[in-house]
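Some notes on the structure that comes next.
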Amino acid sequence: MRETFDLKTESSLDDLSKVGDFVLESVRRSGLDSREIFHLMMAVDEACTNIIKYSNSDEIKIKCGVEDDRVVVEIRDYGVAFNPLQAPAPKVDLPLEERVVGGLGIYFIRTLTDGVAYQRDGDENVLTLKICHQRSSP
Numbered sequence: 001m002r003e004t005f006d007l008k009t010e011s012s013l014d015d016l017s018k019v020g021d022f023v024l025e026s027v028r029r030s031g032l033d034s035r036e037i038f039h040l041m042m043a044v045d046e047a048c049t050n051i052i053k054y055s056n057s058d059e060i061k062i063k064c065g066v067e068d069d070r071v072v073v074e075i076r077d078y079g080v081a082f083n084p085l086q087a088p089a090p091k092v093d094l095p096l097e098e099r100v101v102g103g104l105g106i107y108f109i110r111t112l113t114d115g116v117a118y119q120r121d122g123d124e125n126v127l128t129l130k131i132c133h134q135r136s137s138p
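Quick note: the sequence shown, position 99, residue 99 per the UniProt record's numbering, numbers continuous.
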């Protein structure tokens, strides 16, 4: 990693704006374009919202690694073990009235990022998100 930035915050919906500010400040010199930054911020917000609502963790730790062509965000919590990559994919092709309410967050995370990985590290859930800068052709 060229640069890394760290944040530890309470697992609270009130702190989501702090998380967003942290991600935005961390990636401002990353080379990502505004669309890529928006996708990353949406994915991190969704992941943190899921942790806050469902994990029973008291805190969230975020590490943002910035390289020339990508940003990697590692999100850690001490909540209940949960691998979001094993969650069933939502049936987005069904008519709205036939869809189950909820369940789109993980789908959005996977769709908005260039890579998602999960591991359980001792008593921590570790979710890693990657956004790559798509350089324009000359």
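Heads up, the beta-carbon is just placed ideally off N, CA and C, and yes, glycines get one too. These figures come from a predicted structure and were not determined experimentally.
- The segment 20-27 makes no contact with the segment 113-122; the number of CB pairs closer than 8 Å stays below 3.
- Residue environment analysis places E25 among the exposed positions, since fewer than 16 neighbouring C-beta atoms fall within 10 angstroms of its C-beta.
- If you keep only unbroken alpha helix (DSSP H) runs of at least 4 residues inside the segment 12-57, you get 16-27, 34-54.
- Taking the Cα positions, G31 is about 9 Å away from E67.
- Separation of the CB atoms of S57 and S11 is rounded to 5 Å, and the pair is thereby assigned contact status at 8 Å.
- Straight through space, the alpha carbons of Y54 and M42 are spaced by roughly 18 Å.
- Excluding five sequence positions before and after T4, the CB atoms of its chain that fall closer than 8 Å to its own CB belong to K63, C64, G65, V66, given in chain order.
- In the displayed model, L104 falls within coil according to three-state DSSP, outside both helix and strand.
- Around the beta-carbon of A47, 16 or more other beta-carbon atoms lie within 10 Å, marking it buried.
- In the structure shown, the three-state DSSP call for R120 is strand.
- Within the same chain, P84, G105, I106 come within 8 Å of N50 by CB-CB distance, once the 5 residues on both sides are set aside.
- Contact annotation: I75 and T128 have beta-carbon atoms nearer than 9 Å.
- Between L40 and I131, the beta carbon gap of about 5 Å places them in contact (Cβ cut-off 8 Å).
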